[in-house]
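These notes are about the structure you will find just below.
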Amino acid sequence: MSDKTAGIAAIYAAEQHKLQLRLIRRGLDAQQASDAVQDIFLRLLRSPPAELRDPGAYLRRSADTMAVDHWRRQQRHTALFEPLPPEAPAVSDEVASLEGQLLASERDRRLRRAIEALPPRSREVLLLHKYEGLSYADIGLRLGIARNTVMVHLANAMRSLRAALRSSD
Numbered sequence: 135m136s137d138k139t140a141g142i143a144a145i146y147a148a149e150q151h152k153l154q155l156r157l158i159r160r161g162l163d164a165q166q167a168s169d170a171v172q173d174i175f176l177r178l179l180r181s182p183p184a185e186l187r188d189p190g191a192y193l194r195r196s197a198d199t200m201a202v203d204h205w206r207r208q209q210r211h212t213a214l215f216e217p218l219p220p221e222a223p224a225v226s227d228e229v230a231s232l233e234g235q236l237l238a239s240e241r242d243r244r245l246r247r248a249i250e251a252l253p254p255r256s257r258e259v260l261l262l263h264k265y266e267g268l269s270y271a272d273i274g275l276r277l278g279i280a281r282n283t284v285m286v287h288l289a290n291a292m293r294s295l296r297a298a299l300r301s302s303d
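Numbering (the numbering used here), first residue to last: 135 to 303.
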């Protein structure tokens, strides 16, 4: 076992449990947290950074990134596999089309009002991401804020929009 591998093994022994708890607090279950910690250390073994001054900080940051990635995958999965609403009673295509257009325009109006009610920074982040297609990093650069701050603003905006649209249904 090389010195580097032995050093990483010692860090693993010291930090593994703390990292698992950190990941569980961020929404992963125990098995997912255990797998994520193993992935973190496997990546560290395969391609260690050139200089690792603070292994604890590096590992915490890696764990936080894994938790965010897990959350994103979960959000995509939820969005893709949400159950469809029960089928509506049969009506003529013309009536259904007109009703659908009216409902869509009402939903658009409610969405616009909900977006306008957002705090200015959250609204700006939402519009840059959803309508201009900018990445979190690009938004952060444009607005002079950290990438994680962009993620927080976007999550808060989406939560507010969901709540506003649910309350108006």
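Glycine included, C-beta positions come from ideal geometry on N, C-alpha and C. Note that the structure is predicted; figures quoted are calculated from it, not measured.
- Counting along the chain, histidine 151 sits inside the alpha helix (DSSP H) bounded by residues 137–159.
- Less than 8 Å divides the Cβ of arginine 244 from the Cβ of leucine 299.
- The Cβ-Cβ distance between isoleucine 249 and leucine 295 falls below 8 Å.
- With respect to threonine 139, leucine 179 sits close: the two C-beta atoms are nearer than 8 Å.
- Spatial neighbours of leucine 261 in its own chain (CB-CB distance under 7 Å, excluding positions within 5 residues in sequence) are not present.
- Rounded to the nearest angstrom, the gap between the Cα atoms of valine 171 and serine 256 is 32 Å.
- Excluding the 5 residues flanking it on each side, alanine 251 has same chain C-beta neighbours closer than 8 Å at Ser294 and Ala298, in chain order.
- The residues Ile145 and Glu149, in chain order, have a CB closer than 8 Å to that of proline 189 in the same chain once the five nearest residues on each side in sequence are set aside.
- Taking C-beta separations shorter than 7 Å and ignoring five residues to either side along the sequence, the partners of arginine 281 in its chain run Tyr270, Ala271 and Gly274, following chain order.
- Sixteen is the threshold: when 16 or more other Cβ atoms of the shown chains lie within 10 Å of the Cβ of glutamine 154, as they do, the residue is buried.
- Per the C-alpha coordinates, the member of Ser181, Ser239 and Val284 positioned closest to histidine 263 is Val284.
- Across the set Ile142, Arg156, Arg247 and Gly161, the C-alpha of Ile142 shows the shortest separation from the C-alpha of leucine 186.
- If you ignore the 5 residues before and after alanine 147, its C-beta comes within less than 7 Å of no other C-beta in its own chain.
- Contact annotation: alanine 191 and arginine 156 have beta-carbon atoms that are not nearer than 8 Å.
- Looking at the backbone, the Cα of glutamate 240 and that of serine 301 are separated by about 14 Å.
- The alpha-carbon of arginine 276 is positioned some 44 Å away from that of serine 136.
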